[in-house]
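Residue numbers (the numbering used here): 163 to 354.
To keep things clear, I will list the structure first and then write my remarks on it.
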């Protein structure tokens, strides 16, 4: 069971309310073409997203011209537009030796960190706040279940211009490279 809907279904400015404003849209270039993903602040200037949003699996190269826009909505950037100072992925993803059930997208190590460039000695998290993070099964029940709230900008819903929210029960699946499986209507652009 899951539900997918606009994050601001009842309010016109949810994108400027915590916790939603700590998520944003990630813009980047690959071979001269523009692409988008979603991403979230996990520190004042530290962003987490999917590795496939920053690197071409196994090709040992990163995409370019990253711009993170927290609280993005229909072209508006209420908390600014931030460039990346440094981008990191795990070596198994970068080298193409990761365990994947769908090459490059459903992989055990499909996660990336991005350090943002400061603007006037400040980072976006100063205004937006940020999420915490955990790993190694934190948040799962003893029978392997969890609740996942996903926030992003899927291109198939509102053209990727409005933040969408998906809530679902999830479970870790060994047949999907130990990824957590959830129900969702999210599509391309919501990764991260």
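Using N, Cα and C, we set each Cβ at its ideal position, and we do this for glycine too.
Measure the beta-carbon distance from residue 241 to residue 289 and round it to whole angstroms, keeping in mind my assumption that it falls under 8 Å.
-> 5 Å between Cβ atoms; contact.
Identify whether residue 338 lies in helix, strand or coil by the three-state DSSP scheme.
-> Of the three classes helix, strand and coil, the one that applies to residue 338 here is helix, per DSSP.
For the candidate residues 351, 269 and 311, whose alpha-carbon lies nearest to that of residue 339?
-> Nearest in C-alpha terms to residue 339, of all of 351, 269 and 311, is 269.
Closest to residue 308 by CA distance: which of 292, 330, 317 and 297 is it?
-> It is 330 whose Cα lies nearest to the Cα of residue 308.
Determine contact between the segment 316 to 332 and the segment 271 to 285, defined as no fewer than three beta-carbon pairs at a distance below 8 Å.
-> Proximity of the segment 316 to 332 to the segment 271 to 285 falls short of the contact definition, fewer than three beta-carbon pairs being nearer than 8 Å.
Starting from residue 288, follow the beta strand (DSSP E) in both directions and report where the run begins and ends.
-> Note, residue 288: premise wrong, no beta strand (DSSP E); alpha helix (DSSP H) at 287 to 290.
Alpha carbon to alpha carbon, how far is residue 203 from residue 292? Give it in angstroms, no decimals.
-> Taking the straight line from one Cα to the other gives about 5 Å.
Might you give, ordered along the chain, the residues of its own chain that have their beta carbon closer than 8 Å to the beta carbon of residue 332, omitting 5 neighbours on each side?
-> The residues are 307, 308, 309, 310, 342, 343 and 344.
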